[in-house]
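This report refers to the structure that appears directly beneath it.
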Amino acid sequence: GGHSDLVAGVVVGSAKLMSAARARSVRTGSTLGPFDAWLALRGLRTLDVRMRRHSDNAIGLARALQAMPGVARVHHPGLPGSVSEHVARRLMPEGTGGMLAFDLEGGREAVQRMLSRFQMVRFAASLGGIETTVSYPEITSHRALSREERAELGVGPGTVRVSVGIEAAEDIVADFDHALAD
């Protein structure tokens with residue numbers, strides 16, 4: 012729903028898959044309740060507005076991070092020179108969403124220092140909400156992988172993932188600026 016208060020989804024597929032999904036739903040009762048359906052509808056009604064703001068804020072933060080001390084590399088498909096730049100422009104001409112990642116020089120120690128200095132941004136595993144959150148893949152989403160497997164995926168000890176929210180862009184940048192200041 013985009014507000015970090017709902018987990019829901021849809022099943023789309025062949026008639027055979029849909030039949031199996033319907034049978035399971037009848038057996039397990041795995042359908043949305045009225046309040047959850049209302050939350051989903053509320054989120055859908057503001058999706059276009061939120062996605063534009065997420066996208067604008069994310070590219071703005073990505074550009075700002077490139078100039079911040081200790082940032083070795085920023086990963087965002089909207090940045091010139093990104094390996095995904097041409098595909099992103101073709102498939103997402105109105106914005107590339109609110110996700111980005113960056114690599115900090117100094118590894119885990121630098122990440123922990125940054126996390127302790129945020130005033131607005133929060134460490135959380137939740138993605139796509141209206142508040143800006145950061146996660147540290149080395150100890151969250153990629154913790155079960157070996158160091159070599161993480162490196163193969165481009166996840167190093169200084170990699171930070173950001174789900175950029177819809178707050179005022181200057182507030183987001185200012186919080187990262189403060190957290191990364193020498």
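Using the numbering used here, the letters of the sequence shown correspond one by one to residues 12 to 193.
Where a beta carbon is used, it is the ideal one built from N, C-alpha and C, also for glycine.
query: Between which two residues does the alpha helix (DSSP H) carrying residue 67 extend?; result: 58-77
query: Just checking residue 160 against the ligand ADP - is the residue's beta carbon closer than 6 Å to any of the ligand's heavy atoms?; result: The model on display carries no ligand, and the ligand ADP is accordingly not part of it.
query: Measuring only the C-alpha atoms, how far is residue 95 from residue 38?; result: 43 Å
query: Would you list, in sequence order, the uninterrupted beta strand (DSSP E) runs of no fewer than 3 residues that lie entirely inside the segment 110-137?; result: 110-115
query: Is the number of C-beta pairs between the segment 125-133 and the segment 85-92 that are closer than 8 Å three or more?; result: no
query: Do you know offhand how far residue 52's Cα is from residue 18's?; result: 13 Å
query: Which value, in whole angstroms, describes the spacing of the CA atoms of residue 138 and residue 172?; result: 10 Å
query: Ignoring anything shorter than 3 residues, give me the beta strand (DSSP E) runs that lie fully in the segment 141-173, in order along the chain.; result: 144-146
query: Just the Cα atoms here: how many angstroms apart are residue 61 and residue 107?; result: 12 Å
query: To the nearest angstrom, report how far apart residue 160 and residue 151 are at their CA atoms.; result: 14 Å
query: DSSP beta-bridge partners for residue 86?; result: 112
query: Thinking C-beta only, is residue 14 closer than 7 Å to residue 141?; result: yes
query: By how many angstroms is the C-alpha of residue 109 removed from the C-alpha of residue 132?; result: 14 Å
query: Give the straight-line distance between the Cα atoms of residue 30 and residue 36, rounded to the nearest whole angstrom.; result: 10 Å
query: Are the beta-carbon atoms of residue 118 and residue 168 separated by less than 7 Å?; result: yes
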